[in-house]
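In the working numbering, the protein residues as written are 404 to 483. Glycine included, every Cβ here is placed at the ideal spot set by N, Cα and C. As the structure is a prediction and not an experimental result, all values here were calculated from the model.
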């Protein structure tokens, strides 16, 4: 039987999970990391929203400047 990595309780007294922590220590770690995980998810959402907003802005500016032309037409690509 293995011991918990944090509280060193033996596997005979507590159930040691595959992470190496007992159930009590695992729930404590998850509780402490919850706020950090929430902030991380908000940061990811903000980053995705920023990229979507930037893509819309670039598409709008492209339409204003070049209309419906594609990149090859704009660069003078003649297809030969």
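The region 406-414 and the region 424-442 touch, with no fewer than 3 CB-CB distances between them shorter than 8 Å. Contact between residue 430 and residue 419 does not hold, since their C-beta atoms are separated by about 14 Å, which reaches or exceeds 8 Å.
In this structure, DSSP gives residue 421 a state outside helix and strand, which the three-state scheme calls coil.
Annotated as proximal: residue 469 and residue 477, with beta-carbon spacing under 8 Å.
For residue 446, the enclosing alpha helix (DSSP H) stretches over residues 426-469.
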